[in-house]
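Since the structure comes first, as structure tokens, the remarks are kept for the end.
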Amino acid sequence: MKKISTRQLLFFLACIMPVGKLVLLPARLADTSKNDLLFPLLVSYLVQAAAIFCALLVAKKGMTFYELLANTFGKIVAKILITLFAVFLLFAAFLPILEQKLFVQSVFYDTLPSFVAFAPFFLFAAYLLSKPLTSHGRVWDILAPLSVVGILGILILSLSSADFSALAPVGAAGWKGFFRGTMSATAWFFDAALLLPLLGTFRYEKGLAWKGTVCYLAGGAVVALFVAMFYGIFQEISPNQLFAFTATSKYFSGISMLGRIDYIFIFALGLVMSFYVTLPLKESIECVLEAYGRPRYLPTLLALAVTALFLALVVIFDYRFTEVLGFFTETVFWIIPIFSVAIPPLLLLLRRKRHAV
Amino acid sequence: MKNVTGDLDKTGEALKKLLPAEDFLTFDFPAEGGIDFCILFADALTDKELLGEQVIAPLRAYRGKPLAEEVKSALTSPETKTEKSLEKLAEEVLIGNPVVLFSDMDMGIVVGTKKIPVRAIAEPPTDVTIKGPREGFIEDFKTNTSLIRRRLKTGELKIDTLSVGRRSSTTVAVCYLDGTAPKETVEQIKKKLGEIDIDIIPDSSYLTHFLASRPYSLVKQVGTTEKPDIFCAKLAEGRVGILADGSPIALTLPYLIIEDFQSSEDYFVPPYRATFTRLLRLFALVVAIYLPAFYVAAQLFKLQLFPVKLLLTIAGSIRDIPFSPSLEMLLVLLVLEVLNEASIRMPKYVGMALSVVGALVLGETAVSAGFVSTPAIIIIAFSGIGLYAVPNLIEQTSVLRLFMLLVAGSVGTYGIILATAFIILYLVTTENFGVPLVAPFSPMVGRDLRDSLIKYNLGSLDKRPRTLHSPNKRRLA
Numbered sequence: 001m002k003k004i005s006t007r008q009l010l011f012f013l014a015c016i017m018p019v020g021k022l023v024l025l026p027a028r029l030a031d032t033s034k035n036d037l038l039f040p041l042l043v044s045y046l047v048q049a050a051a052i053f054c055a056l057l058v059a060k061k062g063m064t065f066y067e068l069l070a071n072t073f074g075k076i077v078a079k080i081l082i083t084l085f086a087v088f089l090l091f092a093a094f095l096p097i098l099e100q101k102l103f104v105q106s107v108f109y110d111t112l113p114s115f116v117a118f119a120p121f122f123l124f125a126a127y128l129l130s131k132p133l134t135s136h137g138r139v140w141d142i143l144a145p146l147s148v149v150g151i152l153g154i155l156i157l158s159l160s161s162a163d164f165s166a167l168a169p170v171g172a173a174g175w176k177g178f179f180r181g182t183m184s185a186t187a188w189f190f191d192a193a194l195l196l197p198l199l200g201t202f203r204y205e206k207g208l209a210w211k212g213t214v215c216y217l218a219g220g221a222v223v224a225l226f227v228a229m230f231y232g233i234f235q236e237i238s239p240n241q242l243f244a245f246t247a248t249s250k251y252f253s254g255i256s257m258l259g260r261i262d263y264i265f266i267f268a269l270g271l272v273m274s275f276y277v278t279l280p281l282k283e284s285i286e287c288v289l290e291a292y293g294r295p296r297y298l299p300t301l302l303a304l305a306v307t308a309l310f311l312a313l314v315v316i317f318d319y320r321f322t323e324v325l326g327f328f329t330e331t332v333f334w335i336i337p338i339f340s341v342a343i344p345p346l347l348l349l350l351r352r353k354r355h356a357v
Numbered sequence: 001m002k003n004v005t006g007d008l009d010k011t012g013e014a015l016k017k018l019l020p021a022e023d024f025l026t027f028d029f030p031a032e033g034g035i036d037f038c039i040l041f042a043d044a045l046t047d048k049e050l051l052g053e054q055v056i057a058p059l060r061a062y063r064g065k066p067l068a069e070e071v072k073s074a075l076t077s078p079e080t081k082t083e084k085s086l087e088k089l090a091e092e093v094l095i096g097n098p099v100v101l102f103s104d105m106d107m108g109i110v111v112g113t114k115k116i117p118v119r120a121i122a123e124p125p126t127d128v129t130i131k132g133p134r135e136g137f138i139e140d141f142k143t144n145t146s147l148i149r150r151r152l153k154t155g156e157l158k159i160d161t162l163s164v165g166r167r168s169s170t171t172v173a174v175c176y177l178d179g180t181a182p183k184e185t186v187e188q189i190k191k192k193l194g195e196i197d198i199d200i201i202p203d204s205s206y207l208t209h210f211l212a213s214r215p216y217s218l219v220k221q222v223g224t225t226e227k228p229d230i231f232c233a234k235l236a237e238g239r240v241g242i243l244a245d246g247s248p249i250a251l252t253l254p255y256l257i258i259e260d261f262q263s264s265e266d267y268f269v270p271p272y273r274a275t276f277t278r279l280l281r282l283f284a285l286v287v288a289i290y291l292p293a294f295y296v297a298a299q300l301f302k303l304q305l306f307p308v309k310l311l312l313t314i315a316g317s318i319r320d321i322p323f324s325p326s327l328e329m330l331l332v333l334l335v336l337e338v339l340n341e342a343s344i345r346m347p348k349y350v351g352m353a354l355s356v357v358g359a360l361v362l363g364e365t366a367v368s369a370g371f372v373s374t375p376a377i378i379i380i381a382f383s384g385i386g387l388y389a390v391p392n393l394i395e396q397t398s399v400l401r402l403f404m405l406l407v408a409g410s411v412g413t414y415g416i417i418l419a420t421a422f423i424i425l426y427l428v429t430t431e432n433f434g435v436p437l438v439a440p441f442s443p444m445v446g447r448d449l450r451d452s453l454i455k456y457n458l459g460s461l462d463k464r465p466r467t468l469h470s471p472n473k474r475r476l477a
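Put into structure tokens, the structure is as follows:
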């Protein structure tokens, strides 16, 4: 399969990335920052946008992430670093997958509360993980319009119910609320890290860094609008509305007559999310394969192993989501920025070592 | 003995050994000049009238020397050739061309007077149009090539033939416009066809297995058409066409899934109408696949999907049904499939009666007896109609519908979403002859979207589809 095209990458940044931030994040931000929830979101987006700009500039070098590391630090250190990064990606993927599981159980089922509802996801994940990373590019071409339709549909159905004045007065939550919100949001902001394993799978074209950053920020603007609308609808009870994008549209006046037509858009976003939450897993596998080679059965074995690992983790933490969320947003919140914010600019500084590979 | 010898008896015997069946006849006669001639031909395949007029009559009057070229020039048939190999002569007899042997000459003359029974050109039942040409391909290869040549009067049209099938020796033609179809695609197709080692090719559909990149896949990977106008339009876009003798269905490659949402009629109506009908076909296909599945999933796992009033109606209808929603739907679907299968195979007048029995008697009685609910019948009927909006994908769609129904019955709504994700992933990673199946949507090719689900004005379609990699890019000057 050919490389990921610039358009596909931009679709990913503008249309796919925002979807992951529409489920639990709004409620979490409302919980920590109250009516000031847009500020931590804005800061997180700006920081990530800067990191994404750097990551896309790194693509100018025309090397993969592993090649960049190996050229500077040598093969052994590069292997250690890339393995660490692969582990980080698995770590970062855990919360979104658990979030997806909770979302699926609560939103798609009235009568099937068990883990059974989510188990088929791992069949899909195993299949997706066995496909080349570049095939994601083609998937983004299909998912981008779906995502746009999904988000637009939800926004259109919900906007009339929102009272944006609920966001005032600005600063009511104080600095503490702002910091707690920013800290919490880190668990959902590892977007720049997702670009690093993609290095080498796309060609740098003139202005890509700017275009990519603008697309990412455009997606962020839509998320911000959604989050504002979410708070405008639910106000003080926003923290209890865990699955934001499934909750906002249910007050649409036509629903009593037409039924939950908003589910069409929710299904579309659910489909996009199924691909989105699997991407870090695939990238983690790719990192390992890139560093350690690709013997014939290794990609499939790794795909199965990663799937089995996450299946086990989801089973283990099936009823401990609150603890997991607390752990990610309060205890180890600093880990994600190290990889997603610090590494991209550092990669820009890397110089080719003499006699390196 | 491998070649013809000057001994007429021995050569005749050798050929009879190769063709021992009783319907291979020989006719011996002396010419006025003294040469003995022997004609070997297949009884049912040779036009005896032509044979008499163009071969026997001139040879009886022949007074020249026993030289192949002289004898050939005496024949009035425009289609003659000489051949030494007995096996090749036997092959010619098998396809209906008589072989003329004569004393003291070590070669035979093949005369093209075969007669193949053909049916009249008619509108294909699978591709009916209201506006536009109505001619369809038939089983005769030569008639089909003439239908193509009539539409593409250019020397660039190449029709390269090869013989496929150990026993059937079916003539298969690779048709393309030289300079418009990519050379690599043409060569790859010829190579793949040349490598086929199979007993017989009864229909062109046999070839699709060998031309598909994923031959065991449910997904269609080779385009089919029964209409020469569509075939020629596809050649003009840069595709390669394949005709097989004995089959009215022509194949086209590379195939894009969007082709089956397009109809020849779309090009003869205003673009907005064509766009509307294409979107309608997509909608119908989605309804055909997903409606029964969502109905079952909603009943089993998510009643919220129904509006309250509809929910009450459904609740009233299903109250006394003895089956679970998925089993009920599955039963109705199976009945529909059986009725469908039976009505296609039955003679037309019985088919009508069968429809009445199926629709009225079975449906009505089953509902009043409380076996199935009215909503289930309505949903399956709607899905059944939707299926026929895209007739070229019926096989795939009906299997997908059943698959979705099973998924919905076991895993519910999220199962349907995951199954859709599977299908998307599978489709976007399928390519044939280097062309992605779901192009121009993925990978997205902006210009090619002008004739996809939406249809631009003819003036805007000035270039050939980029997806097909045609070396001749411009279509409209």
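One line per chain: the protein sequences are L and C, in this order. Take the first sequence: its letter number 171 is residue 171 in the working numbering, and every next letter is one higher. Take the second sequence: its letter number 253 is residue 253 in the working numbering, and every next letter is one higher. C-beta: ideal position from N, C-alpha, C; glycine also.
According to the Cβ coordinates, are residue i and residue j closer than 9 Å?
| i | j | result |
| --- | --- | --- |
| C:LEU425 | L:SER284 | no |
| C:PHE231 | C:ILE148 | yes |
| C:SER85 | C:VAL172 | no |
| L:ARG138 | L:THR6 | no |
| C:LEU305 | C:ALA297 | yes |
| L:PHE53 | L:THR213 | yes |
| L:PHE252 | L:ASP262 | yes |
| C:LYS114 | C:THR46 | yes |
| L:LEU41 | L:LEU25 | yes |
| L:MET273 | L:PHE12 | no |
| C:LEU101 | C:CYS38 | yes |
Can you find a CB in chain L that lies within less than 9 Å of the CB of residue i?
| i | result |
| --- | --- |
| C:ALA315 | no |
| C:ILE318 | no |
| C:THR420 | yes |
| C:GLY409 | no |
| C:GLY241 | no |
| C:MET329 | no |
| C:VAL338 | no |
| C:PRO436 | yes |
| C:LEU312 | no |
Going by DSSP, name the residue or residues bridged to residue i.
| i | result |
| --- | --- |
| C:MET444 | C:PHE441 |
| C:SER163 | C:THR171 |
| C:VAL110 | C:LYS81, C:VAL99 |
Establish whether the CB of residue i and some CB of chain C are separated by less than 9 Å.
| i | result |
| --- | --- |
| L:THR6 | no |
| L:ALA356 | Only weak support exists for where L:ALA356 lies, its pLDDT of 48 falling under 50; the coordinates are left without a value. |
| L:MET229 | no |
| L:SER172 | Ser is not the amino acid found at residue 172 of chain L; the sequence shown has Ala there. Taking Cβ atoms only, chain C never reaches closer than 9 Å to L:ALA172, which makes this a no. |
| L:LYS131 | yes |
For a contact defined as C-beta to C-beta under 7 Å, what are the partners of residue i on chain C?
| i | result |
| --- | --- |
| L:VAL358 | Nothing about residue 358 of chain L can be read from this structure; chain L reaches only from 1 to 357. |
| L:MET257 | PRO307 |
On the criterion of 16 or more Cβ atoms from any shown chain inside 10 Å, does residue i qualify as buried, or is it exposed?
| i | result |
| --- | --- |
| L:GLY293 | exposed |
| C:LYS142 | exposed |
| L:VAL357 | With a pLDDT of only 46 at L:VAL357, under the threshold of 50, the placement of this residue in the model should not be trusted, and no figure is reported. |
| L:ALA308 | exposed |
| C:LEU193 | buried |
| C:ILE455 | It is Lys, not Ile, that sits at residue 455 of chain C in the sequence shown. Label assigned to C:LYS455: buried. |
| L:LYS2 | exposed |
| L:ASP36 | buried |
Against residue i, what residues of chain L qualify as contacts under a CB-to-CB distance less than 7 Å, listed in chain order?
| i | result |
| --- | --- |
| C:THR185 | Within chain L, no residue comes near C:THR185; the closest Cβ sits about 17 Å away, beyond 7 Å. |
| C:SER213 | Those within 7 Å of C:SER213 in chain L number zero; the least Cβ separation is about 12 Å. |
| C:ILE417 | PHE267, GLY270, LEU271, SER274 |
| C:PHE441 | ASP141, ILE142 |
Taking Cβ-Cβ distances shorter than 9 Å, what residues in chain L pair up with residue i?
| i | result |
| --- | --- |
| C:PHE301 | PHE108, TYR109, ASP110, THR111, LEU112, ALA117 |
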